[in-house]
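One structure below.
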């Protein structure tokens, strides 16, 4: 799992690439989000376009970190889900938990930030 | 594993495609490995006789000698290298001969450059030396017995999903996900991630259905006691079980059974619940 990080105003965008599975990406994501939340960066957008595989542990970590961000007054929103990832969130009923966007600009706007900020 | 200083290994690359040899040598050298390359089987065997390599990247369709024969000779050495097969041949028989010959992984050409680096890095781990016992290697009936490690789950899934490569994409994705979830459960909870314990996997391909059976060495479980799994959540609260998992000190997760139930047509446990069967119908 490789994570690229960039910032638009107070929103952090994490681009995830590779496998988000048990002991293969889940801990990398945990450490990255924990680090950001500890620094007060609690408004996060996760770009899942290049996540090649996702399993129960990976989904569990997404939810766990979503709850961490929420507890600190922020949130984690998801963009660019692959068709398969979208299906998995649907059948686990997590599409009702996460805010999911097809476009990064829309995700930023939901945080009150314009894409060009 | 990403620390190239720790994971640097001696790699012998065997392929008659000069351009591919150059490209892979460059990639793997940049990843921190020492790479030698040869273009045919006899040269590969000569290098293996004269020197020691940790990993062999081996094309199957070599000009003067099949890569499968090189695999057999390489694996028969006193300290056999880990062998990763590469091929454009997508017949099940070729894959199954590779499994029977104790190939570590099987990569179908063309593959993304990053994949070869990841697989070579994985092959450096201690689990790479573990063997898979092949009970049956027919395309219609694959049956394997393997140590309970997560690396083994990756290897087995890679082999099984190559057999399913010609299925429609939605079926293949559903089966791959269900297989992954149930195999990981068997290895993690039933086998306690203990390589001395074994998981038994059967994959049966009939004309109209796929049948998978996974038997783990654990005592099984009580499905009514799975408060830490998403299948126990009440309607309208899809993440309640995560609070239970946190209280119990379990890692985040617990969605595997809920996902699998939705992805396959039949999901059946034995009485103890240490063996599970799932079926996907093809029509």
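Residue numbers (the working numbering), protein chains in the order written: chain A, 55 to 171; chain B, 50 to 332. For glycine and all other residues, C-beta sits at the position ideal for the given N, C-alpha and C.
Chain B contact for residue i (CB, 9 Å cutoff)
| i | result |
| --- | --- |
| residue 123 of chain A | no |
| residue 26 of chain A | A question about residue 26 of chain A goes unanswered here, because the residues of chain A that appear run from 55 up to 171. |
| residue 142 of chain A | yes |
| residue 138 of chain A | yes |
| residue 129 of chain A | no |
| residue 158 of chain A | no |
| residue 117 of chain A | yes |
| residue 151 of chain A | yes |
| residue 101 of chain A | no |
| residue 170 of chain A | no |
| residue 114 of chain A | yes |
| residue 164 of chain A | no |
| residue 90 of chain A | no |
| residue 58 of chain A | no |
| residue 74 of chain A | no |
| residue 85 of chain A | no |
| residue 148 of chain A | yes |
| residue 145 of chain A | yes |
Residue i - containing beta strand (DSSP E), residue span
| i | result |
| --- | --- |
| residue 327 of chain B | 324-330 |
| residue 168 of chain A | Where residue 168 of chain A is concerned, there is no enclosing beta strand (DSSP E), given that its DSSP letter is neither H nor E. |
| residue 236 of chain B | Here residue 236 of chain B belongs to no beta strand (DSSP E), and DSSP marks it neither H nor E. |
| residue 182 of chain B | 182-187 |
| residue 175 of chain B | Per DSSP, residue 175 of chain B belongs to no beta strand (DSSP E) and is neither H nor E. |
| residue 135 of chain B | 131-136 |
| residue 111 of chain A | Here residue 111 of chain A belongs to no beta strand (DSSP E); instead the alpha helix (DSSP H) covers 110-125. |
| residue 66 of chain A | 65-74 |
| residue 25 of chain B | As displayed, chain B neither begins before 50 nor continues past 332, which places residue 25 of chain B out of reach and without an answer. |
| residue 56 of chain A | 56-62 |
| residue 320 of chain B | No beta strand (DSSP E) holds residue 320 of chain B; DSSP gives it neither H nor E. |
| residue 77 of chain A | Counting along the chain, residue 77 of chain A falls outside any beta strand (DSSP E), and DSSP gives it neither H nor E. |
Residue-level contact to chain A via CB, residue i, 9 Å cutoff
| i | result |
| --- | --- |
| residue 53 of chain B | Unreliable positioning characterises residue 53 of chain B in this predicted model, as indicated by a pLDDT of 43, which lies under 50. The coordinate reading is nonetheless provided below. It does not; no Cβ of chain A falls within 9 Å. |
| residue 203 of chain B | yes |
| residue 226 of chain B | yes |
| residue 233 of chain B | yes |
| residue 177 of chain B | no |
| residue 279 of chain B | yes |
| residue 311 of chain B | yes |
| residue 301 of chain B | yes |
| residue 288 of chain B | yes |
| residue 172 of chain B | no |
Beta carbon of residue i nearer than 9 Å to that of residue j
| i | j | result |
| --- | --- | --- |
| residue 134 of chain A | residue 103 of chain A | yes |
| residue 184 of chain B | residue 249 of chain B | yes |
| residue 215 of chain B | residue 259 of chain B | no |
| residue 193 of chain B | residue 148 of chain B | yes |
| residue 126 of chain A | residue 96 of chain A | yes |
| residue 99 of chain A | residue 68 of chain A | yes |
| residue 104 of chain B | residue 58 of chain B | yes |
| residue 80 of chain B | residue 166 of chain B | yes |
| residue 102 of chain B | residue 61 of chain B | yes |
| residue 263 of chain B | residue 232 of chain B | yes |
| residue 312 of chain B | residue 224 of chain B | yes |
| residue 63 of chain A | residue 105 of chain A | no |
| residue 162 of chain A | residue 138 of chain A | no |
| residue 78 of chain A | residue 203 of chain B | yes |
Residue i: first and last residue of the uninterrupted alpha helix (DSSP H) it sits in
| i | result |
| --- | --- |
| residue 205 of chain B | 199-212 |
| residue 91 of chain A | 80-92 |
| residue 305 of chain B | 305-312 |
| residue 142 of chain B | 141-149 |
| residue 21 of chain B | Here chain B covers residues 50 to 332 and nothing more, so residue 21 of chain B does not appear. |
| residue 142 of chain A | 137-145 |
Contact set for residue i: own chain, Cβ-Cβ below 8 Å, skip 5 residues either direction
| i | result |
| --- | --- |
| residue 207 of chain B | 154, 155 |
| residue 151 of chain A | 117, 120 |
| residue 266 of chain B | 197, 239, 240, 246, 247, 248, 323 |
| residue 164 of chain A | 131, 153, 155 |
| residue 50 of chain B | Here the model assigns residue 50 of chain B a pLDDT of 39, short of 50, so the residue's position is not dependable, and the following value carries that caveat. Excluding residues within five positions, the ones whose Cβ falls inside 8 Å are 56, 170, 171, 173, 174. |
| residue 110 of chain A | 76 |
Sequence-distant residues of the same chain with beta carbon closer than 7 Å to residue i, five excluded per side
| i | result |
| --- | --- |
| residue 146 of chain B | 117 |
| residue 301 of chain B | 291, 294 |
| residue 168 of chain B | 133, 154, 156 |
| residue 150 of chain B | 117, 120, 121, 124 |
Residue i Cβ short of 8 Å to the ligand GTP heavy atom set
| i | result |
| --- | --- |
| residue 102 of chain A | As for the ligand GTP, it is missing from this structure, which has no ligand bound. |
Sequence-distant residues of the same chain with beta carbon closer than 6 Å to residue i, five excluded per side
| i | result |
| --- | --- |
| residue 54 of chain B | Note on residue 54 of chain B: pLDDT 44, under 50, position unreliable in the model; no value is reported. |
| residue 189 of chain B | 254 |
| residue 83 of chain A | 115 |
| residue 181 of chain B | 193, 195 |
| residue 160 of chain B | none |
| residue 160 of chain A | none |
| residue 191 of chain B | 252 |
| residue 87 of chain A | 119 |
Run through the segment 230-299 of chain B for me and flag every whole beta strand (DSSP E) of 3 or more residues, listed as ranges in chain order. 247-254, 258-264
Secondary structure, alpha helix (DSSP H): runs of 4+ residues fully inside the segment 79-136 of chain B: 90-99, 116-124
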